[in-house]
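Participant: Provided herewith is a single structure, encoded as structure tokens, for subsequent inquiry.
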Ligand SMILES: [Cu+2]
């Protein structure tokens, strides 16, 4: 293989790694900040996905996730926390709070109403 061939293969490997990272990599994990009254608060932007898409909170303390939906795509018009029995409509270009108390530790997926967009709530044991 000459140098051009090696470069082509290397570029291909980088491209594939990039695609895998884009689809499967965990991009942003954010720990909740404790605000007034001990509420764990995180702002999440909804635009073709959730940013951050990994949110870390502590068990047994109230959580307030503020979803700002920065698009009109119908895909993201609802957010669902199946494990906690929560489904909320997210009006476009507004902030919608989702409040609950994570009563058990673990990793819980939250999704859009169609189960396409995905994020993860990590509840650390108290
Ligand atoms: Cu969707």
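Residue numbers (the numbering used here): 60 to 185.
Don't be surprised by glycine CBs; every beta carbon is placed ideally from N, CA and C.
Being a predicted model, the structure only gives us computed values, none of them experimental.
When we look at the beta-carbon of residue 150 and count the other beta-carbons within 10 Å, is it buried (16 or more) or exposed?
Facilitator: Flag for residue 150 reads exposed.
Participant: Mind checking whether the beta-carbon of residue 149 lies closer than 7 Å to any heavy atom of ligand 1?
Facilitator: No.
Participant: Taking 5 Å as the limit, tell me which residues put their C-beta closer than that to any heavy atom of ligand 1, in chain order.
Facilitator: Result (chain order): 134, 171, 173 and 175.
Participant: Bridge partners of residue 158, per DSSP?
Facilitator: 123.
Participant: At the 8 Å Cβ level, is residue 153 part of the contact set with chain D, yes or no?
Facilitator: Among the chains in the structure shown there is no chain D, since it carries only a single protein chain.
Participant: Quick check on residue 131: does DSSP put it in helix, strand or coil?
Facilitator: Of the three classes helix, strand and coil, the one that applies to residue 131 here is coil, per DSSP.
Participant: Any heavy atom of ligand 3 inside 7 Å of the beta-carbon of residue 140?
Facilitator: The ligand content of the structure shown is limited to ligand 1, which means ligand 3 is not among them.
Participant: Less than 6 Å between C-beta atoms, sequence neighbours within five positions excluded: which residues of the same chain meet that for residue 141?
Facilitator: The answer is none, since no qualifying residue turns up.
Participant: Rank 159, 147 and 137 by C-alpha distance to the C-alpha of residue 173 and give the top, closest one.
Facilitator: Of the candidates 159, 147 and 137, the one whose C-alpha sits nearest the C-alpha of residue 173 is 137.
Participant: Report back the beta-carbon spacing between residue 139 and residue 170 to the nearest angstrom; my notes put them in contact at under 8 Å.
Facilitator: Right, the Cβ-Cβ distance comes to about 5 Å (below 8 Å), so this counts as a contact.
Participant: Give the DSSP bridge partners of residue 179, in chain order.
Facilitator: 113 and 168.
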